[in-house]
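Peer 1: Got a structure for you, questions after.
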Amino acid sequence: MNVLVVDDFATMRKIVKNVLKQIGIESVVEAENGKMALDVLKKESIDLIISDWIMPEMTGIDFLKACKSDETIKNIPFLMVTAEAQKGCIMEAIKSGVDNYIVKPFTPDKLQSAIEKAKAKIGK
Amino acid sequence: MDIKYINPFIIAAQTVFKTMLGISAEMGKPALKNANRTSGDVTGIMGLVGDKKGTVAISLREAGARFVYKTLVGEECDSINQDVVDAIGEITNIISGQARKEFEKNDINLNAAIPMVIVGKEVEMNFITKIPIISLPFYFSLDNDNSKEKEVIYIDFSFE
Chain A
1328 MNVLVVDDFA TMRKIVKNVL KQIGIESVVE AENGKMALDV LKKESIDLII SDWIMPEMTG
1388 IDFLKACKSD ETIKNIPFLM VTAEAQKGCI MEAIKSGVDN YIVKPFTPDK LQSAIEKAKA
1448 KIGK
Chain B
21 MDIKYINPFI IAAQTVFKTM LGISAEMGKP ALKNANRTSG DVTGIMGLVG DKKGTVAISL
81 REAGARFVYK TLVGEECDSI NQDVVDAIGE ITNIISGQAR KEFEKNDINL NAAIPMVIVG
141 KEVEMNFITK IPIISLPFYF SLDNDNSKEK EVIYIDFSFE
């Protein structure tokens, strides 16, 4: 599985990568924001997107909307990572077609379960 | 300070230590701090405003900060570098987010802020409250090795 991790904060990308490694996922591509992530999606075959919410250039919600309105990538499971403070924004993400979300703090088991649910929602 | 302002920080700290760091930290005796100075070598500070106002600081000694980085990121580091500083900022963000969730249960709504990280011992901090700062020490063993000296994470806060 090739996972695209989108977060403007390099340490958070490393943290997500480390948790993914603990559940056996080592193939990870990184992007700093939604705009850069869309460029990655044009060039690489991605099986799962894990995105932060607040990012410069293009936010997580705008990136989600862009993904779900593009026929070529809309079937890639999209998992949103949020901080507790952004909980109110989850409804907006659901309306925009997010396949699942996970609230920090999370364990490897919780992330794995969130990934499975996101994949199941999209029928993968 | 009312106990309902203290418990959210205890619950948040223990939840995040267990979930993100895999440690069961034992809380020591709470103390009142006489000076607005950092307790450890690396300190993440977060202002909280909304229905109430306050400041929370998560402070670690160097070994503890490097342990947090190693546990979160999966890489060793020899000193306090920018990556370690960012990791402490992130753990501060997550603890404060969890504390806000606990405050919500008491109908106290607080807004998010961006954490700031200070590197250095006994550095003066600016708390936005007038009341004394409560310092909660949480003790844990590095790498689950009970033979080593215990490390400590201080949660210092003032809330009114």
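Chains A and B are the protein sequences, given in the same order. With the numbering used here, letter number 54 in the first sequence gets 1381, and the count goes up by one each step, no holes. With the numbering used here, letter number 120 in the second sequence gets 140, and the count goes up by one each step, no holes. Note that beta-carbon positions come from the ideal geometry of N, C-alpha and C, so glycine has one too. Just so you know, these numbers come straight off a predicted model, no measurement behind them.
Give me the chain A residues within the contact set of residue 40(B), using Cβ-Cβ distance strictly less than 7 Å, ordered along the chain.
Peer 2: 1432
Peer 1: Let's test the definition: count the other Cβ atoms within 10 Å of the Cβ of residue 34(B) and tell me whether it reaches 16, buried, or not, exposed.
Peer 2: buried
Peer 1: Taking residue 1427(A) as the query, report the chain B residues whose CB atoms sit under 9 Å from its CB, ordered along the chain.
Peer 2: Those do not exist, as residue 1427(A) stays about 18 Å from chain B at its closest Cβ, beyond 9 Å.
Peer 1: Over the uninterrupted beta strand (DSSP E) stretch that includes residue 1407(A), give me the two end residues.
Peer 2: 1405–1409
Peer 1: Counting pairs of beta carbons, one from the region 1372–1389 of chain A and one from the region 22–33 of chain B, are three or more of them closer than 8 Å?
Peer 2: No, because fewer than three Cβ pairs between the region 1372–1389 of chain A and the region 22–33 of chain B fall closer than 8 Å, the two stretches do not touch.
Peer 1: Run down chain B in chain order and give the residues with a C-beta less than 8 Å from the C-beta of residue 1410(A).
Peer 2: Under the 8 Å cutoff, chain B gives 113, 114, 117 and 132.
Peer 1: Secondary structure at residue 138(B), three-state DSSP: helix, strand or coil?
Peer 2: strand
Peer 1: Would you kindly work out how many angstroms separate the C-alpha atoms of residue 1420(A) and residue 70(B), rounded to a whole number?
Peer 2: Cα to Cα, residue 1420(A) sits roughly 25 Å from residue 70(B).
Peer 1: Which term fits residue 1351(A), buried or exposed, when burial requires 16 or more other beta carbons within 10 angstroms of its beta carbon?
Peer 2: That one is exposed.
Peer 1: Could you work out which residues of chain A lie near residue 107(B), taking near to mean beta carbons separated by less than 7 Å?
Peer 2: 1338
Peer 1: Shortest alpha-carbon distance to residue 1359(A) belongs to which of 1339(A), 1369(A), 1348(A) and 1410(A)?
Peer 2: 1339(A)
Peer 1: What is the DSSP secondary structure of residue 178(B), reduced to helix, strand or coil?
Peer 2: Here residue 178(B) sits in strand by DSSP.
Peer 1: Along the chain, where does the alpha helix (DSSP H) containing residue 110(B) start, and where does it finish?
Peer 2: 102–125
Peer 1: What is the DSSP secondary structure of residue 1330(A), counted as helix, strand or coil?
Peer 2: Looking at residue 1330(A) - three-state DSSP - the assignment turns out to be strand.
Peer 1: Out of 1424(A), 1336(A), 1378(A) and 1349(A), point me to the one whose CA is closest to residue 1402(A)'s CA.
Peer 2: 1424(A)
Peer 1: Quick check on residue 73(B): does DSSP put it in helix, strand or coil?
Peer 2: In this structure, residue 73(B) counts as strand in the three-state DSSP scheme.
Peer 1: Can you pull the chain A neighbours of residue 103(B), defined as C-beta to C-beta under 9 Å?
Peer 2: 1337, 1338 and 1341
Peer 1: Taking Cβ positions only, does residue 1345(A) come closer than 9 Å to chain B?
Peer 2: yes
Peer 1: Can you list the residues of chain C that residue 1395(A) reaches, using a CB-CB cut of under 8 Å?
Peer 2: Among the chains of the structure shown, chain C does not appear; the protein chains present are A and B.
Peer 1: Pairs of beta-carbons, one from the region 33–53 of chain B and one from the region 114–131 of chain B, closer than 8 Å: are there three or more?
Peer 2: yes
Peer 1: Between residue 18(B) and chain A, is the shortest Cβ-Cβ distance under 9 Å, so that the two count as touching?
Peer 2: Nothing about residue 18(B) can be read from this structure; chain B reaches only from 21 to 180.
Peer 1: Short of 9 Å Cβ to Cβ, which residues in the region 51–82 of chain B face chain A?
Peer 2: none
Peer 1: Output the residue ranges of the alpha helix (DSSP H) runs that lie fully inside the region 33–93 of chain B and measure 4 residues or longer, sorted by chain position.
Peer 2: 82–93
Peer 1: Just to confirm my understanding: we take residue 1332(A), look at its own chain, exclude 5 residues before and 5 after, and list those with CB closer than 6 Å. What are they?
Peer 2: 1340, 1343, 1355, 1357 and 1377
Peer 1: Just tell me which of 93(B), 65(B) and 44(B) has its CA closest to the CA of residue 176(B).
Peer 2: 65(B)
Peer 1: Taking CB distances under 9 Å as the criterion, tell me whether residue 137(B) reaches chain A.
Peer 2: False, the Cβ-Cβ gap to chain A never drops below 9 Å.
Peer 1: When you compare the CB of residue 1348(A) with every CB in chain B, is at least one pair closer than 9 Å?
Peer 2: yes
Peer 1: Looking at chain A, is there any beta carbon in it that lies within less than 9 Å of the beta carbon of residue 93(B)?
Peer 2: So yes, residue 93(B) belongs to the interface.
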